[in-house]
Structures are given as C-alpha cells and as structure tokens.
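Below is one structure, written out as structure tokens; comments come after it.
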Amino acid sequence: MESFDEVCNKINTEIISDDADDRAEYLKHFKTDVDKFTFAMATAFMGWRKLDNTIKGDEKRAYVSGLVYTAITLHILSLKLFISGHTVAAGNLMRQVLESIALALLCAGKNLGILEQFMDRSYRSNNAIRDVMKHYKILELKEPGVRQLSEAQKFYHQYSHPTLLTLATGMSDGVLYVGASFDESKIEAYTKEINSRVGLAEVFDNFIYAVYANLSKW
Numbered sequence: 017m018e019s020f021d022e023v024c025n026k027i028n029t030e031i032i033s034d035d036a037d038d039r040a041e042y043l044k045h046f047k048t049d050v051d052k053f054t055f056a057m058a059t060a061f062m063g064w065r066k067l068d069n070t071i072k073g074d075e076k077r078a079y080v081s082g083l084v085y086t087a088i089t090l091h092i093l094s095l096k097l098f099i100s101g102h103t104v105a106a107g108n109l110m111r112q113v114l115e116s117i118a119l120a121l122l123c124a125g126k127n128l129g130i131l132e133q134f135m136d137r138s139y140r141s142n143n144a145i146r147d148v149m150k151h152y153k154i155l156e157l158k159e160p161g162v163r164q165l166s167e168a169q170k171f172y173h174q175y176s177h178p179t180l181l182t183l184a185t186g187m188s189d190g191v192l193y194v195g196a197s198f199d200e201s202k203i204e205a206y207t208k209e210i211n212s213r214v215g216l217a218e219v220f221d222n223f224i225y226a227v228y229a230n231l232s233k234w
C-alpha cells in the first residue's frame, strides 16, 4: 500500500503530465481514424469560414456563427481528450458538441424565436435537440439525421452523471487508477467511440450547410 507521500506524488504527476504514454497507445490502434477525423474537421472549418464571411457586422448572425465555431472546437477537443485517456471528460464534451449543433440550427431558423431567447439567456440549451426534432421540417432537415442526434445525446448523457459507465472508467485491467488510462480489454468500446466521433466529423460540413441555408432565408 502506498504511503501518503506516494499518493500525493501520483496525484501531482497526473495533474501536470501531458498523458503522452496513454495517447501513444491509442494512436497505435486509431491513427488512421484520427487522420480521417482531421481531414473532415478541416473541411468543416473551411465551411464555417464561408459562413462567417456572411456576417458583415450582424450581431444575430454572429451568435449563430459562434455556435458553429464552438461545435467545431469542442468536437476536436473531445477527440483529443479521448485519445489522451480521459474518456469521461471526452464523453461529457460530446454532449455539448451535439447540443451546440442543434442550437446553431435552431438559432438559424427564421421566426423560431430561439435565437432571441438564447441571446437574453432565457433558453435552456439542453432542450436544443428536443426542439430540433420538433422543428426539423421548418429547418428542412432530414428526420433520420435528427434522430441520430437524439440517440447520440442519450448515449453521451451517461457521461454527464454518475453511472455504471463512468464507474467502469476508473478501472483499467482490473486495477483502480487516477486520471488517464488505456485498457487493452476496452478496445471494442474505444472503437465504437472513435467511430462515432469520426462519423460525426464526416457529416459536420452538412450541418454547417444546413445552418447556412437557413440563414439565407433571413
């Protein structure tokens, strides 16, 4: 059993380390997926830049553009956290990514009134995906894609509260640990998480186009 000083040292190391060893283990398995993700998100960023160029000093449009940019940056950060061994933090962030996507779509919708509610802080963003499902026809979205957002939100909701899933992330190879980890026995679960992030990255540009199309109706 470790001494108090050894425990202090272990915690301090976790706080100040950059998790390079754990990241290297993830990259042994998922480097190709990371490259696909990078290409897709670079494409999304260029799509956002085109959208942002249409703002021209309009405050309301700037809010919508800001939400799209937030979704992009949080999605990138979520993958970074995941391949660094911080699966709970990465999962929690994914929920914010999904809600940012939904909120950007709603705020771009003409005459929905949600942008104004968001700007005066009276809108609850955790309702965004529910409301996208309610207004998907007005926003001219495809129902299957909206349902995928809803299903993904339900899954990542598990990372927002204490669950058996979050409890399991505190163990690696049957050993309790503090902080980042890579567990060879969880490869199947890791693969599903990676595929989910890459899949979303590959349709990010479609989401940005939908925002752009709705803004064009203003």
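Numbering (this note's numbering), first residue to last: 17 to 234.
C-beta: ideal position from N, C-alpha, C; glycine also.
Asked: Can the beta-carbon of residue 120 be found closer than 8 angstroms to that of residue 83?; Found: yes
Asked: Identify the continuous alpha helix (DSSP H) that holds residue 220 and give its terminal residues.; Found: 203 to 231
Asked: Quick check: the Cα distance between residue 66 and residue 208, rounded to an integer number of angstroms?; Found: 32 angstroms
Asked: What residue does the alpha helix (DSSP H) around residue 195 start on, and which one ends it?; Found: Run containing residue 195: none; DSSP gives neither H nor E here.
Asked: Relative to the alpha-carbon of residue 233, which residue among 214, 206, 218, 123 has its alpha-carbon at the smallest distance?; Found: 123
Asked: Leaving out the 5 sequence neighbours to the left and right, which residues in its chain are closer than 6 angstroms to residue 217 when beta-carbon positions are compared?; Found: 53, 56, 57
Asked: With distances taken from CA atoms, which of 92, 69, 24, 33 is nearest residue 113?; Found: 92
Asked: Do you know offhand how far residue 22's Cα is from residue 68's?; Found: 51 angstroms
Asked: Can you list, in chain order, the residues of its chain with a C-beta nearer than 8 angstroms to that of residue 115? Leave out the 5 residues immediately preceding and following it.; Found: 141, 142, 144, 145, 169
Asked: Between 212, 199, 231, which has its C-alpha nearest residue 44's C-alpha?; Found: 199
Asked: So, using beta-carbon positions, are residue 131 and residue 148 closer together than 8 angstroms?; Found: no
Asked: If residue 230 and residue 155 are in contact, beta carbons under 8 angstroms, what's the gap, nearest whole angstrom?; Found: 6 angstroms
Asked: Residue 129 by DSSP, collapsed to three states: which one?; Found: coil
Asked: In three-state DSSP terms, what is residue 44?; Found: helix
Asked: So the candidates are 206, 211, 219; which of them puts its Cα closest to the Cα of residue 104?; Found: 206
Asked: Relative to the C-alpha of residue 126, which candidate in 41, 219, 76 has its C-alpha closest?; Found: 76
Asked: For residue 21, which of helix, strand or coil comes out of DSSP?; Found: helix
Asked: In whole angstroms, what separates the C-alpha of residue 174 from that of residue 167?; Found: 12 angstroms
Asked: Evaluate residue 108 with the Cβ neighbour count: other Cβ atoms within 10 Å of its Cβ, from every protein chain shown; 16 or more gives buried, anything less gives exposed.; Found: buried
Asked: Give every residue of the same chain whose Cβ lies closer than 6 angstroms to the Cβ of residue 214, excluding the five residues on either side of it in the sequence, and list them in chain order.; Found: 49, 52, 53
Asked: Taking the beta carbon of residue 110 as the centre, do at least 16 other beta carbons fall within 10 Å, making it buried, or is it exposed?; Found: buried
Asked: Mapping DSSP to helix, strand and coil, what is residue 157?; Found: coil
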